[in-house]
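Asker: Chains as they are written, first to last, in numbering that gives the first Met the number 0: chain V, 0 to 88; chain B, 0 to 466.
In this text, a Cβ means the ideal position worked out from N, Cα and C, and glycines have one as well.
Computed from a predicted structure; not experimentally measured.
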Amino acid sequence: MDITTITIFILAIFVGFEIITKVPPTLHTPLMSGSNAISGIAIIGAILATSVDGKMGMWLGFIAVIFAMINVVGGFMVTDRMLKMFKRK
Amino acid sequence: MEDISYLISAVLFIYGLKMLSHPRTARNGNILASIGMLIAIVATVYFGVKLDFMMIGIAMIIGSIIGVFFAIKVEMTQMPQLVAIFNGFGGAASALVATSEFLKNDGLRLPGIDPSILLIISITLSVLIGTLTFTGSFIAFGKLQGLISTKPITFKGQQLVNAILAIIMFSAAYLVPDYGTTSLYVIIGLSALLGILLVIPIGGADMPVVISLLNSYSGIAAAMTGFVLVNSGNSSAGNALIICGSLVGASGMILTKIMCKGMNRSLVNVIFGAVGSEVQGSSGEGKEVNIKSYSTEEAAMIFDAAEKIIIVPGYGLAVAQAQHAVRELADFLEDSGKKVYYAIHPVAGRMPGHMNVLLAEANISYELLKDLDEINPEFKDCDVALVLGANDVVNPAARTDKSSPIFGMPILDVDKSRTVIINKRTMNPGFAGVQNELFGYDNSIMVFGDAKDMLVKLLSDLKELDS
Numbered sequence: 000m001d002i003t004t005i006t007i008f009i010l011a012i013f014v015g016f017e018i019i020t021k022v023p024p025t026l027h028t029p030l031m032s033g034s035n036a037i038s039g040i041a042i043i044g045a046i047l048a049t050s051v052d053g054k055m056g057m058w059l060g061f062i063a064v065i066f067a068m069i070n071v072v073g074g075f076m077v078t079d080r081m082l083k084m085f086k087r088k
Numbered sequence: 000m001e002d003i004s005y006l007i008s009a010v011l012f013i014y015g016l017k018m019l020s021h022p023r024t025a026r027n028g029n030i031l032a033s034i035g036m037l038i039a040i041v042a043t044v045y046f047g048v049k050l051d052f053m054m055i056g057i058a059m060i061i062g063s064i065i066g067v068f069f070a071i072k073v074e075m076t077q078m079p080q081l082v083a084i085f086n087g088f089g090g091a092a093s094a095l096v097a098t099s100e101f102l103k104n105d106g107l108r109l110p111g112i113d114p115s116i117l118l119i120i121s122i123t124l125s126v127l128i129g130t131l132t133f134t135g136s137f138i139a140f141g142k143l144q145g146l147i148s149t150k151p152i153t154f155k156g157q158q159l160v161n162a163i164l165a166i167i168m169f170s171a172a173y174l175v176p177d178y179g180t181t182s183l184y185v186i187i188g189l190s191a192l193l194g195i196l197l198v199i200p201i202g203g204a205d206m207p208v209v210i211s212l213l214n215s216y217s218g219i220a221a222a223m224t225g226f227v228l229v230n231s232g233n234s235s236a237g238n239a240l241i242i243c244g245s246l247v248g249a250s251g252m253i254l255t256k257i258m259c260k261g262m263n264r265s266l267v268n269v270i271f272g273a274v275g276s277e278v279q280g281s282s283g284e285g286k287e288v289n290i291k292s293y294s295t296e297e298a299a300m301i302f303d304a305a306e307k308i309i310i311v312p313g314y315g316l317a318v319a320q321a322q323h324a325v326r327e328l329a330d331f332l333e334d335s336g337k338k339v340y341y342a343i344h345p346v347a348g349r350m351p352g353h354m355n356v357l358l359a360e361a362n363i364s365y366e367l368l369k370d371l372d373e374i375n376p377e378f379k380d381c382d383v384a385l386v387l388g389a390n391d392v393v394n395p396a397a398r399t400d401k402s403s404p405i406f407g408m409p410i411l412d413v414d415k416s417r418t419v420i421i422n423k424r425t426m427n428p429g430f431a432g433v434q435n436e437l438f439g440y441d442n443s444i445m446v447f448g449d450a451k452d453m454l455v456k457l458l459s460d461l462k463e464l465d466s
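Here you go:
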């Protein structure tokens, strides 16, 4: 690991702060469920973990894929369900 | 190649989140972010080496079925619970990936593997935060669902126990190079315990803070897992996790900050303060509160004469599932030429934006929902403020009574309106254990009963008056 990784980390936090601050309070619940779905990005690590040689690590990867997938699919779907309801008269 | 795919995903996530800044564009933003996720997943599977497609496919199908089931079944009132368990699954996934990386390197003791200090630190943090998020979220879920007491559960020396656990855990992390997997299992076990111990002392009304914080943790755990991947030679996937995890971590942090501000409490106070564990004797006790209790018929007459009405929803509205009943009442009032607005306190309900989602479900225009700063100047020329299942967020003691546990909390100035009609089930004090002096004010009127029943009766009484 070099300084690039840390740079990416810090810059991403700044970008996060910048864009999230602009989300109005009325959308805070969908923001939480939507960002939750994004934290399901762990799924790509989980997919790679299934290639781990040795039984234990592989099965952990398997469970991780299930968990992350619940997050991704459930998160984006329920967010869509909520956002569909926000209407203006 | 997967680098470029992950870059596209990251851009889509950021742009999707940016589109959440307005209700008009928000839905497309969410769709954009989900496309970003699809690209990331497809790229990982496509470019991955030695992957067991069968296994991945089965896991994805199982996860999708469970996810779809939750997403369709959940009621809007239960959204805090759903977000809590999703936070938990996210944290668990991150911790599992880090653990799997660890085992792959045989506890970092394989010959030729350099158990670099950075790898050990990132694995420890990833496992710690991920596991703690998992168990903590399930406790939060249990509290929100009413499976566990919503009262703070405290015992003597709780903070000391937490501190000791943390010290043992960091010692175990330090000993990883010598003890390998054994150390890791100690870290996992203690993190799980710590997650439970950190959430059980937190009371029901502090849940918005806890859920926001766990939301943030689930992101930070993903970012830490990203560091694990980078340190074990998988930098493209690792960077993707770092970027997305940081976005989510920042988002949760901002929400946590907003919630704390909404209660005028510091994060430390929420986590370790256990407010609500004992009824505070300082305020409320000495003061006699004489209330006026009206029937819905009498309340209907007041509404009939009113021009401008502000509705203040609280957690009681969610419990009673009264959002549709509110809409029907508001529709009737608007049809009779009255103005109706909604005042949303930042910590009303059990999670950020909880009330907004409920009212949106009932088809109430988001433009009528006003936040604290916007609505407070409006109360002085408001005829009726209708408080539905809210208590602490309208308690004037927060402005004046220095001995009150909620002193300094920004409140909705309902007491400034001509008449305040408060609907509650019983006279029980609010979460903070404080009797609300508002109930005894000259311009306050109590209407007791379940919010939904009360609103339905009120509406029929109003219709009768009109005919």
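Is Y173 (chain B) close to chain V? Criterion is C-beta to C-beta, closer than 8 Å.
Answerer: For the purposes of this step, residue 173 (chain B) is taken as the residue at position 174 of the second sequence. Output row for Y173 (chain B): interface = no.
Asker: Using a Cβ distance threshold of 8 Å, determine whether the region 125-137 of chain B contacts the region 190-200 of chain B, with at least three qualifying pairs required.
Answerer: The answer is yes - the region 190-200 of chain B touches the region 125-137 of chain B, with three or more Cβ pairs under 8 Å.
Asker: Should I100 (chain B) be labelled buried (16 or more other beta-carbon atoms within 10 Å of its own) or exposed?
Answerer: Stepping through the second sequence from its first residue, residue 100 (chain B) is reached at position 101. Reading the sequence as shown, one finds Glu at residue 100 (chain B) and not Ile. Answer is buried; the Cβ neighbour count reaches 16.
Asker: Excluding five sequence neighbours on each side, which residues of the same chain lie with their C-beta closer than 6 Å to the C-beta of I309 (chain B)?
Answerer: The count along the second sequence starts at 1 and reaches residue 309 (chain B) at position 310. Around I309 (chain B): Y340, A342, C381 and A384.
Asker: Using the rule of at least 16 other Cβ atoms within 10 Å of the residue's Cβ for burial, across every protein chain shown, is Y365 (chain B) buried or exposed?
Answerer: Here residue 365 (chain B) is taken as the residue at index 366 of the second sequence, counted from 1. Per the 10 Å Cβ criterion, buried.
Asker: Quick check: the region 228-247 of chain B against the region 0-16 of chain B, are there 3 or more CB pairs under 8 Å?
Answerer: Result yes; three or more Cβ-Cβ pairs closer than 8 Å.
Asker: Give a yes or no on whether 8 Å exceeds the smallest Cβ distance from V356 (chain B) to chain V.
Answerer: Numbered from its first residue, the second sequence carries residue 356 (chain B) at position 357. Judged by the 8 Å Cβ criterion, V356 (chain B) is in contact with chain V.
Asker: What is the DSSP secondary structure of I43 (chain V), reduced to helix, strand or coil?
Answerer: Working through the first sequence from its first residue, we reach residue 43 (chain V) at position 44. Helix.
Asker: Does the beta carbon of I18 (chain V) come closer than 8 Å to any beta carbon on chain B?
Answerer: Counting from 1 along the first sequence, the entry for residue 18 (chain V) is found at position 19. Cβ-Cβ to chain B under 8 Å: yes for I18 (chain V).
Asker: Would you kindly work out how many angstroms separate the C-alpha atoms of N355 (chain B) and G313 (chain B), rounded to a whole number?
Answerer: The residue given as residue 355 (chain B) occupies position 356 in the second sequence. The residue given as residue 313 (chain B) occupies position 314 in the second sequence. Approximately 11 Å, taken between the alpha carbons.
Asker: State the Cα-Cα distance for the pair I2 (chain V) and P200 (chain B), rounded to the nearest angstrom.
Answerer: Locating residue 2 (chain V) in the first sequence gives position 3, counting from the first residue. Locating residue 200 (chain B) in the second sequence gives position 201, counting from the first residue. Those two C-alpha atoms are separated by around 40 Å.
Asker: Per DSSP, which one or two residues make a beta bridge with K338 (chain B)?
Answerer: For the purposes of this step, residue 338 (chain B) is identified with residue 339 of the second sequence, where counting begins at 1. K338 (chain B) pairs with B:K307.
Asker: When you compare only the Cα positions, how much space is there between F217 (chain B) and K401 (chain B)?
Answerer: Here the question's residue 217 (chain B) lines up with position 218 in the second sequence. Here the question's residue 401 (chain B) lines up with position 402 in the second sequence. It should be noted that the sequence gives Ser, not Phe, for residue 217 (chain B). Using only the alpha carbons, I get a separation of about 37 Å.
Asker: By the 7 Å beta-carbon criterion, what residues does the region 65-82 of chain V contribute toward chain B?
Answerer: Correct list: I65, F66, A67, M68, I69, N70, V71, V72, G73, G74, F75, M76, V77, T78, D79, R80, M81 and L82.
Asker: If you reduce the DSSP assignment to three classes, tell me which class V446 (chain B) lands in.
Answerer: As a working mapping, residue 446 (chain B) is identified with position 447 in the second sequence. The answer is strand: DSSP assigns V446 (chain B) an E or B state.
Asker: Are the region 65-85 of chain V and the region 20-35 of chain B touching, with three or more C-beta to C-beta distances below 8 Å?
Answerer: In short, these stretches touch, since the Cβ pair count reaches three.
Asker: How far does the alpha helix (DSSP H) with V208 (chain B) in it extend, from its first residue to its last?
Answerer: Start at 1 with the first residue of the second sequence, and residue 208 (chain B) comes out as number 209. Counting along the chain, the alpha helix (DSSP H) containing V208 (chain B) begins and ends at M206 to N230.
Asker: In terms of residue numbering, what span does the beta strand (DSSP E) encompassing T418 (chain B) cover?
Answerer: Position 419 of the second sequence, counted from the first residue, corresponds to residue 418 (chain B). Where T418 (chain B) is concerned, the enclosing beta strand (DSSP E) stretches over T418 to K423.
Asker: Touching or not, the region 60-74 of chain B and the region 145-163 of chain B, by the rule of three or more beta carbon pairs under 8 Å?
Answerer: Too few Cβ pairs lie closer than 8 Å, so no.
Asker: Output the distance between the C-alpha atoms of I9 (chain V) and Q80 (chain B), rounded to the nearest integer angstrom.
Answerer: In the first sequence, residue 9 (chain V) corresponds to position 10, counting from 1. In the second sequence, residue 80 (chain B) corresponds to position 81, counting from 1. Spanning the two alpha carbons is a distance of roughly 31 Å.
Asker: Within 10 angstroms of its Cβ, does N422 (chain B) collect 16 or more other Cβ (buried), or is it exposed?
Answerer: Taking the first residue of the second sequence as 1, we reach residue 422 (chain B) at position 423. N422 (chain B) comes out buried.
Asker: Between V386 (chain B) and V311 (chain B), is the Cβ-Cβ spacing less than 8 Å?
Answerer: The sequence position of residue 386 (chain B) within the second sequence is 387, counting from 1. The sequence position of residue 311 (chain B) within the second sequence is 312, counting from 1. Yes, these two residues count as a Cβ contact at 8 Å.
Asker: Using a Cβ-Cβ distance cut-off of 8 Å, determine whether F137 (chain B) contacts chain V.
Answerer: Here residue 137 (chain B) refers to the residue found at position 138 when the second sequence is read from its first residue. For F137 (chain B), the answer is no, since every Cβ of chain V falls outside 8 Å of its Cβ.
Asker: How should Q158 (chain B) be labelled, buried or exposed, when 16 other C-beta atoms within 10 angstroms of its C-beta is the threshold for buried?
Answerer: On the second sequence, position 159 is the one that residue 158 (chain B) refers to. Exposed, by the Cβ-count rule.
Asker: Pairs of beta-carbons, one from the region 432-451 of chain B and one from the region 314-322 of chain B, closer than 8 Å: are there three or more?
Answerer: Touching, per the Cβ criterion.
Asker: In chain B, which residues lie less than 9 Å from I89 (chain V) when you measure between Cβ atoms?
Answerer: The shown model of chain V, from 0 to 88, leaves out residue 89 (chain V), and the question about it has no answer.
Asker: Closer than 8 Å, Cβ to Cβ, to anything on chain V: give me those residues from the region 336-355 of chain B, in chain order.
Answerer: Here the close residues are I343, P345, M350, P351, G352, H353 and N355.
Asker: Please check if any C-beta of chain V sits within less than 8 Å of the C-beta of Y365 (chain B).
Answerer: Position 366 of the second sequence, counted from the start, is the residue given in the question as residue 365 (chain B). Chain V, which has a Cβ nearer than 8 Å to the Cβ of Y365 (chain B), makes this yes.
Asker: For Q279 (chain B), would you say it is in contact with chain V, using Cβ-to-Cβ distances shorter than 8 Å as the test?
Answerer: As a position in the second sequence, residue 279 (chain B) is number 280, starting the count at 1. Reliability of the predicted coordinates at Q279 (chain B) is poor, the pLDDT of 42 falling under 50, and the value obtained from them is presented with this limitation in mind. No, Q279 (chain B) lies away from the interface with chain V (no Cβ there is under 8 Å from its Cβ).
Asker: Given this structure, state the Cα-to-Cα distance separating V48 (chain B) from A329 (chain B), to the nearest angstrom.
Answerer: Here residue 48 (chain B) refers to the residue found at position 49 when the second sequence is read from its first residue. Here residue 329 (chain B) refers to the residue found at position 330 when the second sequence is read from its first residue. Their Cα atoms are separated by approximately 60 Å.
Asker: Can you say whether S292 (chain B) is buried or exposed, counting buried as having 16 or more other CB atoms within 10 angstroms of its CB?
Answerer: What you label residue 292 (chain B) is simply residue 293 of the second sequence in a count that begins at 1. Under this definition S292 (chain B) is an exposed residue.
Asker: Give a yes or no on whether the minimum CB-CB distance between S190 (chain B) and chain V is below 8 Å.
Answerer: Here residue 190 (chain B) refers to the residue found at position 191 of the second sequence. Not an interface residue.
Asker: Would you list, in chain order, the members of the region 25-40 of chain V that have their beta-carbon closer than 8 Å to a beta-carbon of chain B?
Answerer: Listed by position along the chain: T25, L26, H27, T28, P29, L30, M31, S32, G33, S34, N35, A36, I37, S38, G39 and I40.
Asker: Where does P176 (chain B) land, buried or exposed, given buried means 16+ other C-beta within 10 angstroms?
Answerer: If you number the second sequence from 1, residue 176 (chain B) lands on position 177. Answer is exposed; the Cβ neighbour count stays below 16.
Asker: Does any residue of chain V bring its CB to less than 8 Å from the CB of I420 (chain B)?
Answerer: Looking up residue 420 (chain B) in the second sequence gives position 421. No, I420 (chain B) lies away from the interface with chain V (no Cβ there is under 8 Å from its Cβ).
Asker: Using only the alpha-carbon positions, how far apart do L371 (chain B) and T25 (chain V) sit?
Answerer: Locating residue 371 (chain B) in the second sequence gives position 372, counting from the first residue. Locating residue 25 (chain V) in the first sequence gives position 26, counting from the first residue. Rounded to the nearest angstrom, the two C-alpha atoms are 12 Å apart.
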